[in-house]
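Undergrad:
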Amino acid sequence: MKKKHVAVLLGGFSSERPVSLSSGKACADALENEGYQVTRVDVSRDVGSVLAELKPDVAFNALHGPFGEDGTIQGILEYLGIPYTHSGVLASALAMNKEQAKKVAKASGIPVAESKVINRFAVKNKHPMKPPYVVKPVNEGSSFGVVIVHEGQSHPPQVIGSSEWQYGEIVMVERYIHGRELTCAVMGDVALGVCEIIPTGHSFYDYDSKYVPGGSKHETPAKISPNIYKKIQTLALKAHLAIGCRGVSRSDFRYDDRHSENGEVVWLEINTQPGMTPTSLVPEIAAQAGHSFGDLLSWMVEDASCLR
1 MKKKHVAVLL GGFSSERPVS LSSGKACADA LENEGYQVTR VDVSRDVGSV
51 LAELKPDVAF NALHGPFGED GTIQGILEYL GIPYTHSGVL ASALAMNKEQ
101 AKKVAKASGI PVAESKVINR FAVKNKHPMK PPYVVKPVNE GSSFGVVIVH
151 EGQSHPPQVI GSSEWQYGEI VMVERYIHGR ELTCAVMGDV ALGVCEIIPT
201 GHSFYDYDSK YVPGGSKHET PAKISPNIYK KIQTLALKAH LAIGCRGVSR
251 SDFRYDDRHS ENGEVVWLEI NTQPGMTPTS LVPEIAAQAG HSFGDLLSWM
301 VEDASCLR
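Start counting the sequence shown at 1; every next residue gets the next number (UniProt numbering).
#1: Within 10 Å of its beta-carbon, does Ser142 have 16 or more other beta-carbons around it, so buried, or fewer, so exposed?
#2: Assign Gln153 to one of two classes, buried (16 or more other C-beta atoms within 10 Å of its C-beta) or exposed (fewer than that).
#3: Among Ile232, Val147 and Ile76, whose alpha-carbon lies nearest the alpha-carbon of Phe253?
#4: Using the Cα positions of residue 309 and Pro226, report the straight-line distance between them to the nearest angstrom.
#5: Where do the ends of the alpha helix (DSSP H) carrying Val112 lie?
#6: Of the residues Ile285, Gly294, Ser305 and Arg308, which one's Cα is nearest the Cα of Glu32?
#7: Would you list, in sequence order, the uninterrupted beta strand (DSSP E) runs of no fewer than 3 residues that lie entirely inside the region 64-93?
#8: Return the first residue and the last residue of the beta strand (DSSP E) that Met172 is part of.
#9: Going by other Cβ atoms of all chains shown within 10 Å of its Cβ, with 16 needed for buried, is Tyr36 buried or exposed?
#10: I'd like the list of long-range same chain contacts for Ala52, defined as Cβ closer than 8 Å, with 5 residues on each side in sequence excluded.
#11: Can you grab the Cα-Cα spacing for the pair Asp208 / Met1, in whole Å?
#12: Can you tell me which of the three DSSP states His218 falls into?
#13: Return the chain-ordered list of same chain residues with a C-beta closer than 7 Å to the C-beta of Gly145, the five sequence neighbours on each side being excluded.
#14: Over what stretch of residues does the alpha helix (DSSP H) that includes Thr234 continue unbroken?
#15: With a CB to CB cut of under 7 Å and the five nearest residues on each side skipped, what residues in its chain are close to Ser298?
#16: Under 9 Å between the Cβ atoms of Gly193 and Gln288?
#17: With C-beta atoms as the reference, is Pro66 less than 9 Å away from Val6?
#18: State whether the region 58-65 contacts the region 271-285, with contact taken as three or more CB pairs (one from each stretch) at a distance under 8 Å.
#19: Looking at the strands, I want to know which residues DSSP matches up with Trp267.
#20: Relative to the alpha-carbon of Met187, which residue among Arg40, Ala286 and Ala304 has its alpha-carbon at the smallest distance?
#21: Can you tell me whether Lys223 is helix, strand or coil according to DSSP?
#22: On the criterion of 16 or more Cβ atoms from any shown chain inside 10 Å, does Thr234 qualify as buried, or is it exposed?
#23: Any idea what DSSP makes of Cys306, helix, strand or coil?
#24: From the DSSP output, in three-state form, read off residue 330 for me.
#25: Is it right to say Phe60 is buried, meaning 16 or more other beta carbons lie within 10 angstroms of its own, or is it exposed?
#26: Given a cut-off of 9 Å, decide if Val89 and Gly75 are closer than it, judged by their beta-carbon atoms.
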């Protein structure tokens, strides 16, 4: 039986282009090894006409950041009638907007951190909440623009109100949650394993921790109690379903166990386009659950559809 022709969408023009190029190359190479006919498409603004001429059976979305994971490319693929991987238009747009995603998660009974959304210039003169807190762009990924304000810091972070800031006018200010960084992948309607991320030489899981080899240590499965492990799996699947995700997603959590083993588990966000680089979390979590990288990608290709 002839395997499908897959267009791997990579690159693009968001700030996460380098990550997408790495994800896309890894996915394209692995899909070729699985016997698929693969065309690599470095996405530019004429992607609609490129795909209309190419007529692939499936578009594998390996884009990250705005345009690639906010519902835009998904809408183009719907218009062209090309089945695609990952989440659809609405879920992608919703998950990309941290404020709206948190509202849906909270309404579904998922514990989230106290936060507010404000204009970035309002941060310049006074603390928007009592430190410690985190300031993050509302519509970015890969920890771009994330600033941690520590307890006892006398002044708010000046970079957010400066001309150097390039992540939009609106930011989310969120209570800082002490503790451990945990993440859980969902594949279809199944929560896979929980992984603990331990940044090495970094104060938090920033861009370099994510994508530079050796930037972080991954404990898969996470060394936490069975009840907390199960709780995180349950919350990850609940977030996946509440936001309307399809295919593969990954939810990030903080777990504060300083005072007791039960501690505090807080959902941070959901990623509808998890990285697929050699240092990425979802392939590692899937492997621990018995899915090779090739098997995982093949499943995603066969799961592809429109009207997601």
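The beta-carbon is built from N, C-alpha and C at its ideal position, and this holds for glycine as well.
TA: Reading off the structure:
#1: Only weak support exists for where Ser142 lies, its pLDDT of 49 falling under 50; the coordinates are left without a value.
#2: Around the beta carbon of Gln153, a 10 Å sphere encloses fewer than 16 other beta carbons of the protein chains shown; the residue is thus reported as exposed.
#3: For the set Ile232, Val147 and Ile76, the Cα lying nearest the Cα of Phe253 is the one of Ile232.
#4: With the chain covering 1 to 308 only, the question about residue 309 has no answer from this structure.
#5: Counting along the chain, Val112 sits inside no alpha helix (DSSP H), nor does DSSP assign it H or E at all.
#6: Considering only alpha carbons, the answer is Gly294.
#7: Counting only runs of 3 or more, we get nothing.
#8: Element bounds for Met172: Ile170 to Arg175.
#9: By the 10 Å Cβ count, Tyr36 comes out buried.
#10: Taken in chain order, the residues that qualify are Leu80.
#11: Bear in mind that the predicted position of Asp208 carries a pLDDT of just 48, short of 50, making it unreliable; the figure below should be weighed with that in mind. Distance between the alpha carbons of Asp208 and Met1 is about 42 Å.
#12: It is a strand residue.
#13: Non-local beta-carbon contacts of Gly145 in its own chain, meaning distances under 7 Å to residues more than five positions away in sequence, involve Lys136, Pro137 and Tyr167 in chain order.
#14: Pro226 to Ile243 is the extent of the alpha helix (DSSP H) around Thr234.
#15: Closer than 7 Å at Cβ, skipping near neighbours: Glu34.
#16: Yes, these two residues count as a Cβ contact at 9 Å.
#17: Not in contact: Pro66 and Val6 (Cβ atoms no closer than 9 Å).
#18: Per the Cβ contact rule, the region 58-65 is in contact with the region 271-285 (3 or more Cβ pairs under 8 Å).
#19: Bridge partners of Trp267: Val112 and Phe253.
#20: Nearest option by C-alpha distance: Ala286.
#21: Secondary structure of Lys223 (DSSP, three-state): coil.
#22: With fewer than 16 other Cβ atoms within 10 Å, it is exposed.
#23: Coil, per DSSP.
#24: The first residue shown for the chain is 1 and the last is 308, placing residue 330 beyond what the model contains.
#25: Phe60 should be labelled buried.
#26: Yes.
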